[in-house]
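Encoded as structure tokens, the structure appears first; notes follow it.
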Amino acid sequence: MNADPRIDPADLRPSDPAAARALQDRLAPLVRAEPVDPGRVSLVAGLDVTYAPGDDRLVAAAVVLSAQTLEVVDSAAVAAEPRFPYVPGLFAFREVPPLLEAIGRLRVAPDVFACDGFGLAHPRRFGLACHIGLLLDRPAFGIGKSPFVGTAEPPAEERGSWTPLIDAGEVVGRAVRTRSGVKPVYVSIGHRIDLAGATELALRLAPNYRVPEPIRRADRLSRDRLAAL
DNA sequence: GCGACAG
DNA sequence: ATCTTGTCGC
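Structure below.
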């Protein structure tokens with residue numbers, strides 16, 4: 030589960046925001062961009078977490094789809110309690126522990142992880158998708174529904190168009206139009222994938238809706254499971 | 001100093 | 001994130 034010896038498991042549960050930020054600063058340099066051929070991706074896991082009103086409970090879900098057919102081939106959901114407050118930029122410390130638990134219950138090994146949130150498009154260039162990708166040593170990217178850091182020109186109205194998301198002079202992601210005439214999603218790499226591959230994959234995974242299917246499925250599963258508690 | 005701030 | 005229905009438009 031922790032494939033990188035440079036990551037001390039004890040650090041994965043920082044006791045306070047300052048320690049969490051320091052950990053992100055330390056791990057950010059380990060992120061690598063690698064070319065990935067979307068056509069050769071077989072299984073994609075979508076990750077999402079739903080919170081109960083009042084913030085006392087959550088359900089983390091991982092749903093694996095065939096990248097080819099978009100059929101669900103496996104899924105897992107776990108109920109838990111938040112162990113870290115919501116702090117913009119430290120989102121991962123809240124969601125990663127239960128997500129890893131859900132991922133650990135999968136019976137298949139996903140090729141790529143699609144995360145609800147950001148990767149490099151983050152104040153310290155180490156968002157949720159980077160945490161997931163680095164900890165699992167697998168390709169991972171993030172899909173955000175609203176911009177977090179950086180600015181992007183509005184992409185052309187037709188599905189498939191995109192513009193660079195730029196923060197402090199560097200390209201940290203893309204605003205991608207997954208549906209014509211609908212507001213874009215924000216794609217950024219997490220680890221072991223590149224922006225072009227993440228963009229094409231996001232588009233392939235979102236043929237009919239704005240949000241890529243794996244994440245939509247994970248959202249639905251976590252929501253349904255929470256409602257059933 | 002002030003506002004903004006993934007889910 | 002969540003509290004919340006119907007409604008307009010493709």
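So the first sequence is residues 30 to 258, counted in the working numbering. Glycine included, every Cβ here is placed at the ideal spot set by N, Cα and C. On a predicted model such as this, the values are computed, not experimentally measured, just so you know.
Figure out for me which residue from the options has the closest Cα to the Cα of residue i.
i    : options                : result
N237 : H220, S251, G210       : G210
L230 : A89, V141, K212, D145  : V141
G148 : A138, V178, R136       : V178
Q53  : G226, F120, A106, P176 : F120
Y115 : A49, T207, L129        : A49
S71  : Y80, E130, A138, V201  : A138
A96  : A227, V214, R188, D248 : A227
P183 : I172, G173, R203       : R203
Rounded to whole angstroms, what's the CA-CA distance from residue i to residue j? Just pull it up for me.
i    : j    : result
R239 : D196 : 24 Å
H151 : G118 : 7 Å
E242 : L234 : 6 Å
D85  : P111 : 7 Å
M30  : V65  : Legend: pLDDT at M30 = 47, less than 50; position of this residue unreliable, no value from coordinates given.
T192 : P82  : 35 Å
A90  : V60  : 24 Å
A88  : P43  : In the sequence as displayed, the identity of residue 88 is Val instead of Ala. The straight-line gap from Cα to Cα measures roughly 21 Å.
V205 : L232 : 8 Å
V73  : R134 : 15 Å
L163 : V78  : 19 Å
P127 : I161 : 11 Å
V216 : R55  : 23 Å
G198 : A257 : 46 Å
To which residues does DSSP link residue i through a beta bridge?
i   : result
G83 : BP columns for G83 are empty, so no partner.
L72 : S95
Entirely within the stretch 166-204 and at least 3 residues each: give me those beta strand (DSSP E) ranges in chain order.
Here the runs fully enclosed are 169-173, 191-196.
Q) Using 8 Å as the Cβ pair cut-off and three pairs as the minimum, do the stretch 158-172 and the stretch 220-229 touch? A) Counting Cβ pairs under 8 Å, three or more are found: they touch.
Checklist line | Ranges of the beta strand (DSSP E) found wholly within the stretch 89-163, counting only runs of at least 3 | finding: Entirely contained in the stretch 89-163, the beta strand (DSSP E) runs reaching 3 residues are, in chain order, 101-109, 141-145.
Margin query: Which complete alpha helix (DSSP H) runs does the stretch 223-249 hold, if anything under 4 residues is left out?
Written below: Taking 4 residues as the shortest admissible run, the stretch 223-249 contains the following complete alpha helix (DSSP H) segments, listed from N- to C-terminal end: 224-233.
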